[in-house]
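**Student:** Residue numbers (our numbering): 87 to 1131.
Glycine included, C-beta positions come from ideal geometry on N, C-alpha and C.
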């Protein structure tokens, strides 16, 4: 018999004796009697010691034969069925089932049986079908040959048997056949059923000729028959059918023009696996063959799924492809032509050429239907309308910050196009770099999800207690039960030996039972059952506080280990008796419950069983009873984990991978290097073309160098833009817009040549493991790649350009100063005219004195002095800076003004004094940030700033709060005196210095007159702020600045 059956059979028999109803002497109502006489059909002698079962109305009554007879007392009126005998391996008889009918109390029924000697046939190798993860449900039909008269034998066995074989202690993989007497022989027909993951049913049959199911066994003999060969052969045939279907699907797709190099490579791997599995089957290496068959089947299924998905995506991608072509056509038209009419003609012509090219190159057009084409037409029409018509007739909207989005976007793109035209060679080289990247990404890379046994590796923090072991469990929280038939085939694998099984209760809300004694009762919320060879058995032995022989508990029936809490509550100890879940047990020891809660399984899972918290509904630890797995099964537990010992360390990972693959388990392999290698059935990301990282790096560096060199050539241009009022962010956005324009064109051209490349690869039959890009996501991925690389590459140069001319108060600055004898010298980015030096120092003195009574930052000893160094007179502002809180410090500081080229050059000397000298640089940075902010605020105070405003004064408020200007000119379409007055009152309430604000009303009925007025008003302005909630006045202000220079 199977290993698991030999191990667990005592549990089932004990279950029959203890849990079935056996109350023949005390009936609540009238009872009837049934006398059963049993003898051997060959020797004609009465049989004793065997168990006979009488089933009445769902209740089973068990009696033992004494002198060939036994008497049942059962409730009258019920229909009775007689089953005999309960399986006894020492004396095997063919079981019989007799329908007795109603039992009455007025007479006693007499039943005589002649049991025929039998033999045991164990059916092993019930591995799952290749399509599923659970073993077959079997029906074994016994056909008896050369028998004159067939008694009422039970001849149908297995899980699908119509008889209650559990009352006879017969496992679902065991068949009882008549023993060989004279010419009598038997054969077994097998019918198998399985439910596949998609819900469909699978039904199979194997005749005795298929697997050698003819038996002529001696009395009490045992024969083991394995189904591994027939199931493996059947799985191979199914895998070959799926592979043929996948091959046909690939051939059909290639005829349509799809290049599927990755799927072709996957099909070649599947073909090799099937060839290897056929060779392994010939040599009887069934489990190794089954693993390869499963891999080939999954590969074929993945190919079929990919081809089907490709067909559906190819047609659905036409609208996205049309949008892609429209974007490319618009980009070419906008880049090559300035005139609006010519732009439209060039765009339409370019789109037509692209459509014709893609129609012949891209096979997806064959799978598109009328709805897809209509959507594509609408998409292209809307795209052209947005680009060419809406800006002419619709007033543009604004963002949440009030920026005229379309105007700003058009200006940015126009400047970017002009810059690219002026630097044709540099732009061409950058364009080729990006286009090559996109082409390589399209033709040489592939991202695919592959379903299979996915590995995950963990490193144990402490040395593993057991090595060369595989733990097997179902994926679920906290676990999913494993059937005994699954345990049987798992333990049959070559090179693996069953160490043990873990049995525990299913988590429930409330107790699973109670320990009862004369002292009271104690609720038990979880119990655990271990086998003698369980790798966790030594841990349980270490937890014992009373009792010594834990191993005896795991190999015996009727013994329990109870927690110290339960023992104290019931005043129990080793040797005492206790009732648990209707059965009597003896306590063999007491364990420390706290240690159990802290213990870990050998595969680092929690060791204690689980229960469901009644208050929170979550899973929590529990466990007051530990016993053997046989007893735990009798108490209603289920197998939650299986432990396998692998004989050869080099086969460890193969066993774990194969077990996961065949049954969909979560397996963990524990090796001698303190590594836990796990496997679970899931989807893994398969990448091809990782060498593109080199091309990506080259493109990023190339574009970055080009943009970096461009900013030094365009310092004059950036000065003009800064003088027009563009902020550092605006300058950075211009450079990024230039890179984005180039990226869009490169993406379109690169993808077009990529599709052409697939066509050439298909015609040349060049095998590259890449599939053609057909999904809408592929198109957008190409655009995102090109734009992302371009913007990322230009980000650092753009930030450099943004602070080269217009330093930002909000941007982080990098310290670039010298250190001499503990004193740091840093430059301050402010230009102070010679005649305004005293004004600058007075302003800083006033602002620094505001920090004199500060809690966190304190500034004192502020004084101004004149000193002569190297024959040059300079002005100096000295002060002491202090900060409390975390890592406090004090610094002696001096601000020096030295004449240079008609202005004062400003520098700051800082000497930090602190008990934390390691943070000196951060202290200097903090002082420098304060002086930079105050200096830049001063530089904007004397300026006259012009700003447009329609209704919202938020931009004017932000401008005043950031720069503290002295005079402001506000251009409005209507009188906004009330709004300006309310703004002044708000500034006064907040303690902000109120500048002189002048309002000018500009009528835009006549744009020429409005333009002339704007030019007159802004002639004396030092700085123009273009950001506002009025796009028309912003545009007038920009043009006025351009005219006045």
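1) Could you give the uninterrupted runs of the alpha helix (DSSP H) lying entirely in the stretch 905-940, keeping only those of 4 residues or more?
2) Can you check whether the CB of residue 879 is closer than 8 Å to the CB of residue 786?
3) Residue 1104 and residue 1127: beta carbons closer than 8 Å?
4) Is it buried or exposed, residue 280, if we count other Cβ atoms within 10 angstroms and call 16 or more buried?
5) If you draw a straight line from the C-alpha of residue 181 to the C-alpha of residue 241, how long is it?
6) Under 8 Å: do the stretch 296-309 and the stretch 601-613 share three or more Cβ pairs, one atom per stretch?
7) So if DSSP puts residue 132 in a beta bridge, which residue, or which two residues, is it bridged to?
8) Look at the alpha carbon of residue 162 and the alpha carbon of residue 120, and state the distance between them as a whole number of angstroms.
9) Rounded to the nearest angstrom, what separates residue 1113 and residue 1042 at their Cα positions?
10) Are the Cβ atoms of residue 411 and residue 453 separated by less than 8 Å?
11) Leaving aside the five residues before and after residue 1057 along the sequence, list all residues of the same chain whose C-beta is less than 6 Å from its C-beta, in chain order.
12) Tell me whether residue 632 sits in a helix, a strand or coil according to DSSP, three-state version.
13) With 16 as the cutoff for other CB atoms within 10 Å, does residue 369 come out buried or exposed?
14) So, helix, strand or coil for residue 1066, using DSSP?
15) Which residues in the same chain have their Cβ closer than 6 Å to the Cβ of residue 1125, if we skip the five residues on either side of it in sequence?
16) Exposed or buried, which one is residue 548 when buried takes at least 16 other CB atoms within 10 Å?
17) Assess contact between the stretch 633-651 and the stretch 738-745, defined as three or more Cβ pairs (one per stretch) separated by less than 8 Å. Is contact present?
18) For residue 896, count neighbouring C-beta atoms within 10 Å of its own C-beta (all shown protein chains included) and say buried if the count is 16 or more, exposed if not.
19) Give the DSSP-derived three-state secondary structure of residue 663 in the structure shown.
20) Compare the C-alpha of residue 142 against each of 164, 152, 125 and 385 and name the closest.
21) If you drop the 5 nearest sequence neighbours on each side, which residues of the same chain put their C-beta closer than 6 Å to that of residue 746?
22) Answer with buried or exposed for residue 763, where buried requires no fewer than 16 other C-beta atoms within 10 angstroms of its C-beta.
23) Which stretch, first to last residue, makes up the beta strand (DSSP E) that contains residue 165?
24) Look up residue 265 in the DSSP assignment and say whether it is helix, strand or coil.
25) Could you tell me the distance, in whole angstroms, from the CA atom of residue 375 to the CA atom of residue 328?
26) So what's residue 188 in DSSP terms, helix, strand or just coil?
27) Going straight from the alpha carbon of residue 392 to that of residue 768, what length do you get?
28) Kindly indicate the opening and closing residues of the beta strand (DSSP E) around residue 1034.
29) Using DSSP's beta-bridge definition, name the partner residues of residue 978.
30) Name the DSSP bridge partner or partners of residue 763?
31) Leaving out five residues before and five after residue 487 in sequence, what residues of the same chain have Cβ atoms less than 6 Å from its Cβ?
32) Quick check on residue 608: does DSSP put it in helix, strand or coil?
33) Short check: CB of residue 729 to CB of residue 620, under 8 Å?
34) On the DSSP letters alone, give me the boundaries of the alpha helix (DSSP H) that residue 348 sits inside.
35) Compare the C-beta of residue 565 against all C-beta atoms of chain C and say whether one is closer than 8 Å.
36) At what residue ranges does the stretch 691-746 contain a whole run of the beta strand (DSSP E), taking only runs of 3 or more?
**Tutor:** In brief:
1) Taking only runs of at least 4 residues, the alpha helix (DSSP H) segments lying wholly in the stretch 905-940 are 923-935.
2) The beta carbons of residue 786 and residue 879 sit closer together than 8 Å.
3) Yes.
4) By the 10 Å Cβ count, residue 280 comes out buried.
5) Cα to Cα, residue 181 sits roughly 8 Å from residue 241.
6) With the cut-off at 8 Å, the stretch 296-309 and the stretch 601-613 do not touch.
7) According to DSSP, which records beta bridges pairwise, residue 132 is partnered with 125.
8) Their backbone Cα atoms lie some 11 Å apart in a straight line.
9) Cα to Cα, residue 1113 sits roughly 10 Å from residue 1042.
10) No, the Cβ-Cβ distance between residue 411 and residue 453 is not below 8 Å.
11) Only 1034, 1086, 1088 and 1119 meet the Cβ criterion.
12) It is a strand residue.
13) Result: exposed.
14) Correct three-state label for residue 1066: helix.
15) No residues qualify anywhere along the chain.
16) Residue 548 is exposed by the Cβ-count criterion.
17) No: fewer than three Cβ pairs fall under 8 Å.
18) Its pLDDT being 41, under 50, residue 896 is placed unreliably by the model, and the measurement read from it follows with that caveat. In the assembly as shown, residue 896 is an exposed residue. Its beta-carbon has fewer than 16 other beta-carbons within 10 Å.
19) Of the three classes helix, strand and coil, the one that applies to residue 663 here is strand, per DSSP.
20) Closest by alpha carbon: 164.
21) Close CB contacts of residue 746 within its chain, under the 6 Å cut and outside five residues either way in sequence, are with 539, 753 and 765 (chain order).
22) That one is buried.
23) Run containing residue 165: 165-170, per the beta strand (DSSP E) assignment.
24) Residue 265 falls in the coil class under three-state DSSP.
25) Taking C-alpha positions only, residue 375 is separated from residue 328 by approximately 17 Å.
26) Here residue 188 sits in strand by DSSP.
27) CA-to-CA, the gap between residue 392 and residue 768 works out to about 17 Å.
28) Residue 1034 -> beta strand (DSSP E) spans 1030-1034.
29) DSSP, once it has assigned bridges, lists 966 and 997 as partnering residue 978.
30) Residue 763 is bridged by DSSP to 543 and 755.
31) Bear in mind that the predicted position of residue 487 carries a pLDDT of just 40, short of 50, making it unreliable; the figure below should be weighed with that in mind. Counting only Cβ-Cβ distances below 6 Å, and skipping sequence neighbours, we find nothing.
32) Strand at residue 608.
33) The Cβ-Cβ distance between residue 729 and residue 620 falls below 8 Å.
34) Taken as a continuous stretch (DSSP letters only), the alpha helix (DSSP H) holding residue 348 covers 347-368.
35) Although the question refers to chain C, the structure presented lacks it and comprises just one protein chain.
36) Fully enclosed beta strand (DSSP E) runs of 3 or longer: 696-698, 705-707, 711-714 and 724-732.
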